[in-house]
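Chains as they are written, first to last, in the UniProt record's numbering: chain P, 1 to 378; chain A, 1 to 378. We put the beta carbon where it would ideally sit given N, CA and C, even for glycine. Computed from a predicted model, the values in this text were never measured in an experiment. To keep things clear, I will list the structure first and then write my remarks on it.
See below:
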């Protein structure tokens, strides 16, 4: 058996040669890019790539699959270079260049949110637009319609860890309407146990709230052996408890709902976990990209092929961009099988980031740039 | 400018050398593995890897980041080889070897599900366990408690595209209880517009259902200009409409709820999209891995570092394993910042798959094998 030092010396020698060859191959990729630009030839040549991968599999012997993986990365990186040379994704570039950095806002700005007064959506809306008079909509869909029809300038919607719906519902609507995300807010959600003013803690026998809020407060509810009843949302629970006039009832709701429906606080921080937060986004018909924007959201389709997601992530990874969220969703009856929602840190002022977006907008089916925005934490 | 043919000849020549060097480097990795096995040295040497990556960045020049990416993959593949040689992940291996292929079931088997009779969960439970008498639980948590306490043998829970909760809620509970997924079912969800027997379609003015079901049926609801009221779930809406005795009301609910509450069908396939399905899983305290299992579910933590997810996916991709689902979630107050839920196609009878699971169980924080199971489609 060889000594570790001896093996590592051989590895170092191999690595030196590998790097030089890789650099030479990237130079060749540039030459190919220039040739394709001059002759107006598309960047992707799937037949040529498949030919190389087939050859690599055979030559790689027992390491065939691993070698294929390496070469699919090399070709991915080559294509990225070539897209930059050719200047792919002109539409994407124009979209970014024509965006405005300042989000207009004054007390006449109309902001739509789903639910009723006192819902978490209402609270988030007032945090982001403190002077506005929110327009309450029945559904997420109605929020989008209000913006589409010009009845609202912006909409505020929950996208993560919310009792009101899933990320994909909201993202689907953003894609359908071709709207943009222009801001996000992470809001801590604290629940109160609240009753009509005449009631006291020892009177309570039954608790009303949204099923997810009941679940988030299950420790104390179980410890007190309360009966529970499910409501459509936490503000509705608060309103219904207020209207019931019953002293043995309490709602699990937020502080705005307590105020809105004149309830009495019986207990604070009723949630099991004190770090409970919900992410809200602001949507807009027009694209705004603030100077300090730090998060980019994308959506794209991928075929059901081994390694395709991996190949796309290669592009982000090679630029040192941090993914902060990824979510896949199966699509039925589509030319691609998966839809991906992806967030990463970055700003389009960084030329490399814009080049990446331009290249991906050319290469990926159903590619959508959802926005580049600031993240706030309340 | 060089001709394309000429450039490709140089590329082919480079590729030949690259493959040979890569094979030599993998042979070296094997030698390192054997040395580490003999001397009981841990596989991962982060300092050595960082040293190599720093060096590669400098040597790579304008391709420094791309070269780093390539080398992080090479080291990832080397580590995979070394883990196989050392035989990492003994616990994981034993867990798989001690699992049983046959899921015991007869008419006395006790199956828990959340909700009330007529809910989609009930329908899914009867599809999977046709002869069982389902035990209805108030919450997902109660389903887990019933299994934990031995009151139920299995639980049936929705995990995707459901009105009842999110994937991560269910997965969190699976992890907390250390249960396993032993089966999945994709069930098409069709909604009915249903009323009390005395009502007719032209009488209807108001529709009750869960907010998500209302959204899924919004086309026809909007077209008819119906008022809507949100219920805690679709079966509750059906029950409440039945109890109301009002002829101007209808519920949006499934076929079981129609039967359960003696409603009259006013319209079928009320949903906007005919391909609406929900995925259900069966959970169990004991691990069963059927012979024909085709899907593997995992969960693991990752630090907030560029490319870590990419590196892990490299391992799957190098074995040609198809990812079918990926979802990230931010963790607060944890030694890692992200938790990933991942599904891929495979069976532990494939030795390469078991080796991968054993290696990942050693390398990744909070690694959990959630199950290897058959997928059914109703």
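Asked: Beta-carbon neighbours of residue 38(P), restricted to chain A and to distances below 7 Å; Found: 1
Asked: Chain-ordered neighbours of residue 42(A) on chain P, where CB pairs are closer than 7 Å; Found: The premise fails here: residue 42(A) is roughly 13 Å from chain P at the closest Cβ pair, so nothing lies under 7 Å.
Asked: Interface flag, residue 155(A) vs chain P, CB-CB below 8 Å; Found: no
Asked: Buried versus exposed, by CB contacts within 10 Å (16 or more), residue 137(A); Found: buried
Asked: Residue 188(P) versus residue 118(P) - alpha carbon distance; Found: 15 Å
Asked: 4 or more residues per run - each alpha helix (DSSP H) lying fully within the segment 141 to 186 of chain A; Found: 167 to 177
Asked: Ranges of the beta strand (DSSP E) found wholly within the segment 241 to 268 of chain P, counting only runs of at least 3; Found: 249 to 253, 264 to 267
Asked: CA-to-CA distance, residue 70(P) to residue 169(P), given in whole angstroms; Found: 37 Å
Asked: Extent of the continuous alpha helix (DSSP H) to which residue 46(P) belongs; Found: 46 to 59
Asked: Neighbourhood of residue 53(P) by C-beta, 7 Å cutoff - its chain only, sequence neighbours within 5 removed; Found: 68, 71, 72
Asked: CB contact flag (residue 183(A), residue 281(A), <8 Å); Found: yes
Asked: Interface partners of residue 215(A) on chain P, CB under 9 Å; Found: 139, 140, 141, 165, 169
Asked: Buried versus exposed, by CB contacts within 10 Å (16 or more), residue 256(P); Found: buried
Asked: Below-8 Å beta-carbon distance, residue 366(A) vs any chain P residue; Found: no
Asked: Cβ-based neighbour list, residue 156(P), same chain, cut-off 7 Å, excluding 5 preceding and 5 following; Found: 111, 113, 121, 124, 125, 128, 280, 282
Asked: 7 Å CB neighbourhood of residue 175(A) in its chain, flanking five on each side removed; Found: 299, 368
Asked: Three CB pairs or more closer than 8 Å across the segment 220 to 227 of chain A and the segment 235 to 246 of chain A; Found: no
Asked: Under 8 Å from the C-beta of residue 60(A): neighbouring residues of chain P; Found: 19, 22, 23
Asked: Run of the beta strand (DSSP E) containing residue 372(A), from where it starts to where it stops; Found: 368 to 377
Asked: Cα-Cα separation between residue 216(P) and residue 271(P), rounded to whole angstroms; Found: 5 Å
Asked: Chain A contact for residue 125(P) (CB, 8 Å cutoff); Found: no
Asked: Start-to-end residues for the alpha helix (DSSP H) that takes in residue 24(P); Found: 4 to 39
Asked: Distance, residue 312(A) Cα to residue 141(A) Cα; Found: 31 Å
Asked: Inter-residue Cα distance where the pair is residue 318(A) and residue 287(P); Found: 40 Å
Asked: Three-state secondary structure assigned by DSSP to residue 188(A); Found: strand
Asked: Simplified DSSP assignment, three categories, for residue 327(A); Found: strand
Asked: Distance, residue 179(P) Cα to residue 294(A) Cα; Found: 39 Å
Asked: CB contact below 8 Å: residue 293(A) versus chain D; Found: Among the chains of the structure shown, chain D does not appear; the protein chains present are P and A.
Asked: Nearest-angstrom Cα separation, counted from residue 240(A) out to residue 98(P); Found: 53 Å
Asked: CB of residue 37(P) within 8 Å of CB of residue 85(P), strictly; Found: yes
Asked: Contact set for residue 60(P): own chain, Cβ-Cβ below 8 Å, skip 5 residues either direction; Found: 66, 67, 68
Asked: Supposed close pair residue 344(P), residue 372(P) - CB separation, criterion 8 Å; Found: About 10 Å; that fails the 8 Å criterion.
Asked: Test: residue 211(P) CB closer than 8 Å to a CB of chain A; Found: yes
Asked: Own chain, CB closer than 6 Å to residue 76(A), minus 5 neighbours either side, in chain order; Found: 311, 314
Asked: Where residue 79(P) falls: helix, strand or coil (DSSP); Found: helix
Asked: Neighbour-count burial assignment, residue 92(P), 16 or more Cβ in a 10 Å radius; Found: buried
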